[in-house]
Amino acid sequence: MDLSLIASNILNPPVLFFFLGMMAVLVKSDLEIPQPIPKFFSLYLLFAIGFKGGVELVKSGIGQEVVLTLLAASLMACIVPLYTFFILKLKFDLYNAAAIAATYGSISAVTFITAGSFLGQLGISYGGYMVAALALMESPAIIVGLILLKLATADLAIVDDSKVTQRDLDWSEVLKEAFLNSSVFLLVGSLLIGVMTGERGWQALSPFSQDMFYGVLAFFLLDMGLVAARRLKDLEKTGTFLISFALLIPIVNAAIGLSIAKLIGLPQGDALLFCVLCASASYIAVPAAMRLTVPEANPSLYVSAALVITFPFNIIVGIPLYLYCINMLWS
Amino acid sequence: MDLSLIASNILNPPVLFFFLGMMAVLVKSDLEIPQPIPKFFSLYLLFAIGFKGGVELVKSGIGQEVVLTLLAASLMACIVPLYTFFILKLKFDLYNAAAIAATYGSISAVTFITAGSFLGQLGISYGGYMVAALALMESPAIIVGLILLKLATADLAIVDDSKVTQRDLDWSEVLKEAFLNSSVFLLVGSLLIGVMTGERGWQALSPFSQDMFYGVLAFFLLDMGLVAARRLKDLEKTGTFLISFALLIPIVNAAIGLSIAKLIGLPQGDALLFCVLCASASYIAVPAAMRLTVPEANPSLYVSAALVITFPFNIIVGIPLYLYCINMLWS
Amino acid sequence: MDLSLIASNILNPPVLFFFLGMMAVLVKSDLEIPQPIPKFFSLYLLFAIGFKGGVELVKSGIGQEVVLTLLAASLMACIVPLYTFFILKLKFDLYNAAAIAATYGSISAVTFITAGSFLGQLGISYGGYMVAALALMESPAIIVGLILLKLATADLAIVDDSKVTQRDLDWSEVLKEAFLNSSVFLLVGSLLIGVMTGERGWQALSPFSQDMFYGVLAFFLLDMGLVAARRLKDLEKTGTFLISFALLIPIVNAAIGLSIAKLIGLPQGDALLFCVLCASASYIAVPAAMRLTVPEANPSLYVSAALVITFPFNIIVGIPLYLYCINMLWS
Amino acid sequence: MQPAKRIEIIASSVELAKILDGLDKSGVVGRTVISNVSGQSSTGEMSDELVNNFYIIAFCSRDRVNLLVENIKPILDKFGGVCYLSDVMEVQSINCVASV
Amino acid sequence: MQPAKRIEIIASSVELAKILDGLDKSGVVGRTVISNVSGQSSTGEMSDELVNNFYIIAFCSRDRVNLLVENIKPILDKFGGVCYLSDVMEVQSINCVASV
Amino acid sequence: MQPAKRIEIIASSVELAKILDGLDKSGVVGRTVISNVSGQSSTGEMSDELVNNFYIIAFCSRDRVNLLVENIKPILDKFGGVCYLSDVMEVQSINCVASV
Ligand SMILES: Nc1ncnc2c1ncn2[C@@H]1O[C@H](COP(=O)(O)O)[C@@H](O)[C@H]1O
Ligand SMILES: Nc1ncnc2c1ncn2[C@@H]1O[C@H](COP(=O)(O)O)[C@@H](O)[C@H]1O
Ligand SMILES: Nc1ncnc2c1ncn2[C@@H]1O[C@H](COP(=O)(O)O)[C@@H](O)[C@H]1O
Ligand code: NA
Ligand code: NA
Ligand code: NA
């Protein structure tokens with residue numbers, strides 16, 4: 006059963022195109038999706054998923070389940086960076102620990118979207134409010150990471166004044182970067198537009214936002230495969246600790262997510278997406294924020310872990326694995 | 006009734022995405038549609054509207070109504086720059102007056118397209134020949150503006166020889182810029198291809214040219230919102246005279262257009278599009294031509310007025326307002 | 006009959022958009038499809054044709070006809086550069102002769118795709134394995150050309166040692182360039198994914214890969230028209246020999262292809278595509294390889310001949326002409 | 042023709058806003074930005090495919106340079122990126138003349 | 042290696058054809074054009090998001106420069122844009138050697 | 042601030058990998074690549090609309106230049122393309138300092 010789920014996930018065209026992209030780099034083909042096409046496709050995917058979520062949110066309304074899920078999502082976005090920070094501190098300095106923790110506290114929209122399309126292929130539906138959860142979980146980790154860093158370096162500053170440079174974070178800028186970055190903004194904006202225009206807007210936009218979705222996702226994952234594979238060589242510098250972290254933490258987080266989903270009583274589709282949100286790590290929004298707010302941290306650590314290990318792991322093994330566990334526990 | 010039309014226009018996804026774009030700039034989000042995606046989308050929209058117009062022109066044939074409309078369109082494209090030039094001369098020098106007049110004599114294809122999609126949502130049809138009117142009205146204003154400038158500066162040259170540099174316009178270049186600029190060329194070309202391939206071409210191309218249309222328009226207006234809002238600060242330099250001009254002249258022109266449409270006896274859909282053509286101003290083709298032919302004029306004046314005031318005004322208020330008036334007068 | 010086929014080919018929107026692009030350059034319009042849109046479209050077309058080929062290959066299975074066709078395709082890809090090399094040597098030096106021969110031994114995917122869409126319009130089907138033939142015929146000519154060059158310059162080196170620089174070809178690089186260049190890689194990769202995901206993948210991807218196909222092709226040919234026409238002036242330097250070569254060799258190759266197709270007993274659709282593969286010349290993959298492996302050859306010769314003469318000839322006259330002959334001989 | 046300076050700055054696109062601010066503060070209003078530039082440096086922190094670099098060229102009068110360096114250097118020190126100066130002759134620039 | 046000149050021109054894309062003409066007339070055949078560059082200048086006439094700038098780099102022999110300046114300056118005077126010259130050493134360029 | 046060199050290389054994109062190799066071999070790790078640049082040269086072999094050019098800028102310490110020229114020149118000799126050197130002052134670059 007597990008194997009058949011993995012197989013039907015891997016035989017998903019988008020996942021296969023991800024492999025094709027990795028393969029292209031490995032055999033040194035000169036295949037390349039020229040920028041800004043992939044950039045635009047990522048905007049398109051956010052737009053499409055947000056809009057669809059909004060339209061469906063109107064249909065389903067906001068019940069108790071929705072409120073509970075959103076609360077749980079916010080909670081997870083705060084807890085994950087907290088506990089991982091202390092694990093990461095064992096091996097990394099404060100800056101890198103904070104940056105990696107923030108990365109894993111946040112989410113990967115593409116992983117979410119791939120899980121959604123996997124559900125679609127299996128004919129399992131999910132609630133539009135999960136898109137709101139996606140939006141909610143993108144940013145808090147950035148704030149939590151920075152607070153942790155602030156506290157930790159304040160401690161340090163007392164111990165040894167010279168080593169640590171005084172950080173005067175521009176909080177308004179941090180908050181702006183966290184909540185108004187283009188991903189969150191477009192996702193939430195499209196969701197609201199979906200809510201406002203409802204079924205009528207859907208009919209006009211869906212040939213573009215729905216029918217193209219799967220194909221664009223395939224092309225986008227082709228590019229992600231290229232990007233991830235080009236970074237494979239970074240893994241040497243990353244070290245086994247971070248590699249193990251990047252493989253195990255998703256499973257731990259998915260397990261926590263699964264427990265919460267069971268507790269709230271989410272249906273299977275929503276439960277999978279919730280697990281995937283918990284298990285995924287950000288490789289776009291958070292890294293961009295970290296470069297500005299924690300320039301001392303090494304981007305090749307936090308980007309590589311999230312992009313080269315956690316992302317492919319979730320895409321290929323994680324999604325069907327989590328669904329398998331859900332199928333077992335829910336039935 | 007008016008309010009409900011405005012509401013149903015504003016609840017149009019494309020218009021909402023225009024707002025979203027403006028909002029992104031106002032809250033300083035880093036949302037951006039990377040070039041050349043918006044450039045390509047504008048080509049796509051011209052291609053799609055031209056092709057559709059051509060196919061429908063074949064179906065409907067060319068009757069008296071068509072000929073009258075095209076004549077009226079050409080007339081308006083000549084009259085508007087004429088009368089506005091004299092109004093603008095009250096406050097601006099000859100160069101700027103001519104450039105702004107030409108801008109308002111020409112049209113905005115995106116406004117036309119938005120009006121068309123608004124009609125589509127209301128289930129009101131319009132004739133394919135309106136696309137021909139669109140193409141016809143793009144360029145004459147450039148010529149009229151330059152002739153006016155030539156006459157006016159010739160007058161001046163007699164009065165005070167030193168102030169005005171002798172203009173030796175390269176007319177062949179002006180005509181080329183006016184009639185062969187990429188917008189007009191692609192629009193007319195696609196229209197002709199629509200005429201030539203008719204229903205059979207339509208069946209092959211419409212999944213691309215028709216089904217995607219609404220979504221591409223939404224994305225394009227998102228970008229237009231970004232572009233317009235980034236220029237909001239230009240309004241300070243623009244002055245109240247030009248701001249009032251940019252708000253009132255569209256209404257005046259729409260009223261003239263409406264009278265003509267009533268006179269010719271256009272059906273409601275066509276009448277709205279005709280009004281919108283009269284009321285809109287160019288912020289792409291004419292500015293590009295003016296930069297080359299009247300470099301003395303200040304682009305931030307003519308672009309800002311057309312793009313930051315007239316365009317949003319028409320998109321948001323104008324289109325439903327004009328339709329409201331038409332509904333009143335036609336019934 | 007011939008004329009009606011030519012007419013129905015020319016009244017194909019994609020072919021008309023090719024004309025429109027050429028026209029834009031001739032009347033000096035500033036129409037331009039900004040990069041990387043055309044680059045992306047070419048990737049899209051390869052992806053779509055490959056995927057479709059794969060899906061259909063699964064349906065039809067691999068019979069004797071398939072194997073024979075693929076063998077014949079490989080054969081033609083080796084024979085054409087061989088015989089044309091000796092013709093070309095009459096007028097060109099070894100380097101240019103080898104480069105042009107390789108260009109004509111390889112194929113133009115866009116010509117193939119245009120022929121496919123022409124068949125689609127006429128309601129004639131073709132086998133998915135023809136896409137495999139397309140992939141098979143892209144690269145061998147590169148190798149054959151280089152071997153010929155190696156042999157020929159070795160001869161020369163004996164005669165006159167000083168004139169020819171010792172060529173130490175990096176064969177691994179040549180083979181990589183030949184078989185892993187992005188076109189071949191994406192085409193074969195998409196074909197394999199089509200084979201693996203079959204009907205289910207088709208249902209998910211076809212709104213993107215199938216419904217958009219025709220429109221993207223039209224836009225892409227618009228750009229090809231622009232590109233080809235901008236190079237028209239190169240024809241002066243090309244000389245009448247190469248111009249005649251570029252017009253006659255496609256017909257000769259198509260005739261050979263036709264005979265083989267008749268011999269194997271291909272159905273009409275497949276026969277047309279086979280002829281078109283034989284008749285077409287590469288203006289992307291092979292030129293890129295030639296720049297690196299035979300830098301002594303003049304790109305404006307081999308690119309112009311393939312792009313400015315052979316490509317339009319096939320698109321406009323060749324495709325319907327070959328089909329006319331096939332219709333005559335098959336019935 | 043008169044002497045002027047060319048300032049070239051390359052850094053990650055996430056820093057663009059800060060650098061433009063620095064230019065504004067130094068009164069360097071004339072400038073050109075090339076986006077989506079890719080790069081590599083020896084810091085081991087190779088450039089991101091997901092976050093691109095930008096390349097700014099600004100020509101300005103020689104006496105503005107010191108102020109600019111003061112304003113830009115701390116940003117690059119903190120966030121990374123490079124900045125180089127060189128000498129040019131100004132053929133045409135209304136702006137730069139105005140600012141001399 | 043031999044001395045040469047680098048010419049840099051930045052202006053609005055609507056002027057590109059004119060500038061290229063100017064280069065042709067001056068015999069500067071070797072050149073590279075970067076399109077879709079964005080910019081800002083002090084003229085108050087800020088650059089257009091709808092009409093982008095271009096950036097041309099041309100390396101040429103030093104004796105061609107005067108003719109070029111003569112041909113290009115009037116265009117920039119009229120339509121705007123900037124042009125700067127600087128000194129470079131030519132490592133490799135068949136074209137430029139040929140034109141010396 | 043200390044003196045450094047700017048190396049500029051323009052060639053067809055099909056040669057990019059070779060040139061980057063040459064830079065690597067010469068220890069020039071800091072560099073920026075602008076892709077999709079179009080161009081023209083006097084060789085009669087005009088640039089391709091289908092195969093674009095690239096433009097590389099690399100700033101490096103002056104003593105690296107000779108090695109680089111040795112490694113790059115043969116590639117350009119064979120496949121075409123241009124390379125120019127000029128003097129710059131380094132305001133900021135951790136990389137380049139490190140390599141001095
Ligand atoms: N020596 C150099 N020459 C040219 N570009 C450089 C150089 N060093 C760094 N860069 C560019 O600046 C970016 C940021 O550098 P860094 O902050 O050192 O990671 C790199 O990705 C390159 O694009
Ligand atoms: N001092 C400068 N340094 C670099 N680029 C400039 C400078 N001045 C102007 N530019 C560029 O040239 C374009 C046209 O300038 P202008 O004609 O003055 O509006 C601007 O949009 C900038 O991209
Ligand atoms: N003198 C030059 N100045 C600037 N760019 C040049 C020059 N010569 C050649 N190039 C660029 O280098 C590319 C390749 O030149 P080539 O190898 O001579 O065909 C051209 O397409 C131009 O983009
Ligand atoms: Na997470
Ligand atoms: Na108007
Ligand atoms: Na062939």
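Protein chains in written order, with my numbering: chain A, 6 to 336; chain B, 6 to 336; chain C, 6 to 336; chain D, 42 to 141; chain E, 42 to 141; chain F, 42 to 141. Backbone N, C-alpha and C fix where the C-beta goes; we use that ideal spot for every residue, glycine too.
Cα-Cα separation, residue i to residue j
i        : j        : result
F/ARG103 : F/SER67  : 12 Å
C/ALA82  : C/MET142 : 5 Å
B/VAL169 : B/ALA77  : Reliability of the predicted coordinates at B/VAL169 is poor, the pLDDT of 44 falling under 50, and the value obtained from them is presented with this limitation in mind. Straight-line Cα distance between these residues: approximately 36 Å.
A/GLY312 : A/THR116 : Sequence check: residue 312 of chain A is Leu here, not Gly. In a straight line, the C-alpha of A/LEU312 is about 11 Å away from that of A/THR116.
B/LEU282 : A/PHE45  : 31 Å
A/GLY68  : A/ASN14  : 31 Å
D/GLY85  : A/PRO304 : Confidence is the limiting factor: at D/GLY85 the pLDDT is only 49, short of 50, which leaves the residue's position unreliable, though a coordinate-based value still follows. Going from the Cα of D/GLY85 to the Cα of A/PRO304 covers about 10 Å.
A/LYS94  : A/ALA302 : 13 Å
B/VAL291 : B/SER111 : 7 Å
A/ASP216 : A/ALA53  : 10 Å
C/ILE269 : C/SER336 : 16 Å
F/ALA139 : D/SER127 : Since pLDDT at F/ALA139 reaches only 33, below the 50 mark, its modelled position is unreliable, and the value read off the structure follows with that caveat. Whole-angstrom Cα-Cα distance: 21 Å.
A/ALA146 : A/ALA107 : 5 Å
B/GLU70  : B/GLY58  : 16 Å
A/SER5   : E/ILE75  : The structure shown does not extend to residue 5 of chain A, since chain A is modelled only from 6 to 336, so the question has no answer here.
C/ASN332 : C/GLN273 : 7 Å
A/ALA294 : D/LYS119 : 14 Å
Pair within 8 Å by beta-carbon distance, residue i and residue j
i        : j        : result
A/ALA284 : A/SER188 : no
F/GLN133 : D/VAL78  : no
C/LEU153 : C/ALA103 : yes
A/ALA209 : B/TYR131 : no
E/SER82  : D/VAL70  : yes
C/VAL30  : C/LEU191 : no
A/SER195 : A/GLY323 : no
Nearest-angstrom Cβ-Cβ length linking residue i and residue j, presumed shorter than 8 Å
i        : j        : result
C/GLY203 : C/VAL63  : 5 Å
B/LEU297 : B/GLU182 : 7 Å
Q. Using 8 Å as the threshold, is the region 35-43 of chain A in touch with the region 12-26 of chain B, meaning 3 or more CB pairs across them?
A. no
(Q) Which residues of the region 90-107 of chain E have a Cβ closer than 8 Å to any Cβ of chain F? Give them in chain order. (A) ILE98, PHE100
Q | Within 9 Å of chain D by C-beta, residues of the region 118-131 of chain F in sequence order | A | Here the close residues are SER127, ASP128, VAL129, MET130, GLU131.
**Q.** the region 310-329 of chain A touching the region 270-281 of chain A, judged by at least three CB pairs closer than 8 Å
**A.** yes
Q) Does the region 242-251 of chain A come within contact of the region 221-234 of chain A, defined as at least 3 CB pairs closer than 8 Å? A) Fewer than three beta-carbon pairs drawn from the region 242-251 of chain A and the region 221-234 of chain A are found closer than 8 Å, and the two stretches are therefore not classed as touching.
(Q) Tell me whether the region 131-138 of chain B and the region 90-98 of chain B touch, counting them as touching only if at least three CB pairs, one residue from each stretch, are closer than 8 Å. (A) no
Q. At a Cβ cut of 9 Å, what residues of the region 27-58 of chain B count as close to chain A, listed as they run along the chain?
A. Of all residues in the region 27-58 of chain B, MET28, ALA29, VAL32, LYS33, SER34, ASP35, LEU36, GLU37, ILE38, PRO39, GLN40, PRO41, ILE42 have a Cβ within less than 9 Å of some Cβ in chain A.
(Q) Count Cβ pairs between the region 109-120 of chain F and the region 43-53 of chain F that sit closer than 8 Å; are there 3 or more? (A) yes
Q.
Taking beta-carbon pairs under 9 Å, can you tell me which members of the region 202-217 of chain C lie near chain B?
A. PRO212, GLN215, ASP216, MET217
Q. Got a sec: which bits of the region 274-299 of chain C sit with their beta carbon under 9 Å from any beta carbon on chain F, in order along the chain?
A. TYR288, ILE289, PRO292, ALA293, ALA294, ARG296, LEU297
Q: Could you list the residues in the region 179-200 of chain B with a C-beta less than 7 Å from some C-beta on chain C, going in chain order?
A: Look at the region 179-200 of chain B: the residues with a C-beta under 7 Å from a C-beta of chain C are LYS181, LEU185, ASN186, SER187, PHE190, LEU191, GLY194, ILE198.
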